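Numbering (the numbering used here), first residue to last: 30 to 167.
Where a beta carbon is used, it is the ideal one built from N, C-alpha and C, also for glycine.
Every value quoted in this text rests on a predicted model; they were computed, and no experiment measured them.
Notes follow the structure.
Set out below in structure tokens:
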């Protein structure tokens, strides 16, 4: 059977909880989803275990944790962006990598969303630092 390459982005159902996102993706036949760090980190321990169990019982996977937004040169602080976007800026790279580990995600997205223009060298150095952090975590 071919691998299902359909991926449901968390932003498509932005107001859904992580559990609701997974159920919707599973029912619709998606092979994977993207998630925010917040969607996992706000779960209770029991709900986090339920999410991991749900995923273990299905071919559905978390593919991408979306995204590391803070800490890049020119990136705004959470309090500097519209309230709607603030939760996206509240999580560190370490937290994003932790979520990826808990959910067995294949990737963590890095985005310069709403960032000010910066030199390519500065941005490249920051991304290289994140890559080194990811490699160190395995």
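Query	Result
Residue from 101, 51 and 147 with nearest C-alpha to residue 14	Here the chain has residues from 30 to 167 only, and residue 14 is not among them.
Whole-Å CB distance - residue 60 paired with residue 90, under 8 Å assumed	7 Å
Where the alpha helix (DSSP H) containing residue 128 begins and where it ends	122–131
Residue of 74, 44, 43 and 65 minimising C-alpha distance to residue 93	65
Residue 136 in three-state terms, based on DSSP	strand
Residue 164 burial status per 10 Å Cβ neighbour count (16 or more: buried)	exposed
Close-in-space but distant-in-sequence residues of the same chain around residue 121 (CB under 6 Å, 5 per side omitted)	none
With 16 other Cβ atoms within 10 Å as the buried cut-off, status of residue 154	exposed
Inside the stretch 51–77 only - alpha helix (DSSP H) runs reaching at least 4 residues	66–70
Cβ pair count under 8 Å reaching 3, the stretch 144–161 against the stretch 97–113	yes
C-alpha gap between residue 40 and residue 83, whole angstroms	21 Å
Alpha carbon of residue 77 to alpha carbon of residue 157, nearest angstrom	31 Å
6 Å CB neighbourhood of residue 99 in its chain, flanking five on each side removed	118
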